[in-house]
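In the UniProt record's numbering, the protein residues as written are 1 to 323.
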């Protein structure tokens, strides 16, 4: 059974949860919503469960809910820090359920970093919090996966200036090793091919447009090749996402957030999925945010959440097969 977290109750999470259930109720995979049932019950039948395993029989007829209560009523488009504790507890409980084997995977609905950090949350987002809960801080790697492309940014939610300060050979190698391991275990790829993006225009053009490629990107690639990884590059970022180029590799290892997420979301916004590699549990998430501006208007597209639920189930199965 899959555990789906509450997300921010004032965003589109309730709406896309109901829409995902309507799409998946007949063919699955099935999930249990970990959150406040009042967010869903006006739009779909809901049934409270005490244990996740009860959800399988309920799912075709109603959304099974492991109930957590909000501190104050939620209004679409009006985020409230008073409900931050409920948002965080939903994540914590879902992780606990995965750790004890009740949940085969977790899917996290979108949260507002601003809201939860304003209530004292110390993490930049889901991913590092999940790693802390799983007792593997620093091992987490964010991958965005869609039908056309998979990308991993070496540096993530930091400014471009700070990304340049963080980049070094050790970070590239650490990330690439986690990616290679994750693609084997979670995606069933026996010999995954990692393509590394250059940092500078034309991948530096042999130092004419920057020296970072020679200083640490190429040395990192060479060391990883010596370890047996199928890794190539650095590739010019402006040509590595063409259809022909994408057909030659399994994942693009990018130097900073937007270098990878712009092409991914351009190609696969509707079905892009955020996957956290490097955790002992399976976690996916839709690749979009809370969309407070359209919350409560029945405009939200649930495609990314549906893709995240289906991918979580597939990864969980791949891990069972590999065990």
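Backbone N, C-alpha and C define an ideal beta-carbon position, used for all residues, glycine too.
Since the structure is predicted, the reported quantities are computational estimates derived from the model, not experimental observations.
When 118, 196 and 141 are compared, the shortest CA-CA separation from residue 82 is found for 118. Short of 6 Å from the beta carbon of residue 93, and not among the five residues preceding or following it, lie these beta carbons of its own chain, in chain order: 34.
With fewer than 16 other beta carbons inside 10 angstroms of its own, residue 323 counts as exposed. For residue 231, the enclosing beta strand (DSSP E) starts and ends at 230-235.
Judged by DSSP in its simplified three-state form, residue 194 adopts strand.
In the structure shown, the three-state DSSP call for residue 33 is strand.
With fewer than three CB-CB distances shorter than 8 Å, the segment 268-282 does not count as touching the segment 213-222. With contacts defined as CB atoms closer than 8 Å, residue 304 and residue 273 qualify as a contacting pair.
In this structure, residue 152 places its C-beta atom within 8 Å of the C-beta atom of residue 142.
Residue state for residue 111 is assigned as coil, using DSSP reduced to three classes.
DSSP places residue 178 within a helical segment (H, G or I) once states are collapsed to three.
Annotation for residue 115: 8, 79, 81 and 84 place their beta carbon closer than 7 Å to its own, counting only its chain and skipping 5 residues before and after. Collapsing the DSSP output to three states places residue 86 in a helix.
Here residue 150 carries a strand assignment [DSSP, helix/strand/coil]. The DSSP-derived three-state label of residue 209 is coil. Secondary structure of residue 223 (DSSP, three-state): helix. Out of 11, 183, 177 and 90, the CA that lies nearest to the CA of residue 226 is found in 177.
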